[in-house]
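A.B. asks: Before I ask anything, here is the structure I am working with.
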Amino acid sequence: MSSDLYQVPKAELNRYARPKAVRSALFQIGHFQRWVILSLTIYMTGVSLSAYVLPGFVLLALAGLLMSVFYGVQLAAALSYSRLSCVFVFLVMCIPLVNFIVMMRLNDAATQRLRAAGFTIGWLGAKLD
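With our numbering as the guide, the letters of the sequence shown map in order to residues 2 to 130.
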């Protein structure tokens, strides 16, 4: 509290003071962002282990790739991308290195949207508590 008597008071708004539909969309973005980050971790783990340890870890990399495609499209839809953009995201995410770049871009867009809404972002995405 400042000592200036003529200063306009600032409102204390929290992230739950939004309409339910907006709050639900933000929680959906945070949920899909977390799954995109986890699928990226699984994909990178599978690729690195299949190259150096056992070739059987290619299945782990394939599972991470499929998860990243699925949750990447879900995140794009939650971020209000058009249907054509979601189809483009689906097609582009089937290419391994481009998949990584698109996931980073989707994660960045989700992080910007959630930070603007007042959520704190950690290592595995937004804290949705």
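Even glycine gets a Cβ: it sits at the ideal position worked out from N, Cα and C.
From a predicted model like this one, the values you see are computed outputs, not experimental measurements.
Determine the closest residue to phenylalanine 91 out of Thr112, Leu67 and Asp109, with distance taken between C-alpha atoms.
C.D. replies: Looking at the Cα atoms, Leu67 is the closest of the given residues.
A.B. asks: In terms of DSSP beta bridges, what is glycine 126 paired with?
C.D. replies: In DSSP, glycine 126 forms a bridge with Gly123.
A.B. asks: Would you call the region 108-119 in contact with the region 83-99, where contact means no fewer than 3 C-beta pairs closer than 8 Å?
C.D. replies: No, because fewer than three Cβ pairs between the region 108-119 and the region 83-99 fall closer than 8 Å, the two stretches do not touch.
A.B. asks: Rounded to the nearest angstrom, what separates valine 103 and glutamine 75 at their Cα positions?
C.D. replies: Whole-angstrom Cα-Cα distance: 13 Å.
A.B. asks: Rounded to whole angstroms, what's the CA-CA distance from serine 86 to leucine 41? Just pull it up for me.
C.D. replies: Serine 86 and leucine 41: Cα-Cα distance of roughly 21 Å.
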